[in-house]
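First comes the structure, then the notes that go with it.
Structure, rendered in C-alpha cells:
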C-alpha cells in the first residue's frame, strides 16, 4: 500500500503574499463587503497576529473566501475599465 506524504511549506503571512496590492485596495471595504467582519479582524488576519498578540492565520475556508473576493474585485475593475469611453 502506497503512502502519500504532503509537505506544507510556510509562505509567510497573507500580508507578505499580497504586498503588491496592499496600498491599492480598501481592505476595510473588502472586509465588510465579503466577510461581514470589521477591518481590524482582517488586518489582524493579514498580519498573522490576533488582537491579543497570538499567532493566527486564515482558515482554509477564509482563504477561499479571500481568493473569491479578490477575483470578484478584479472582475469589477475589469468591467469598470471596459466601460471607459476612449
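Numbering (the working numbering), first residue to last: 5 to 90. For glycine and all other residues, C-beta sits at the position ideal for the given N, C-alpha and C.
One Cα belongs to residue 74, the other to residue 44, and the distance between them is close to 18 Å.
Separation of the CB atoms of residue 50 and residue 23 is rounded to 10 Å, and the pair is thereby denied contact status at 8 Å. Within a 10 Å sphere around the beta-carbon of residue 30 sit fewer than 16 other beta-carbons, which makes this residue exposed.
Contact check for residue 17 against residue 61 passes: the beta carbons are separated by less than 9 Å.
The residues 41, 43 and 46, in chain order, have a CB closer than 6 Å to that of residue 35 in the same chain once the five nearest residues on each side in sequence are set aside.
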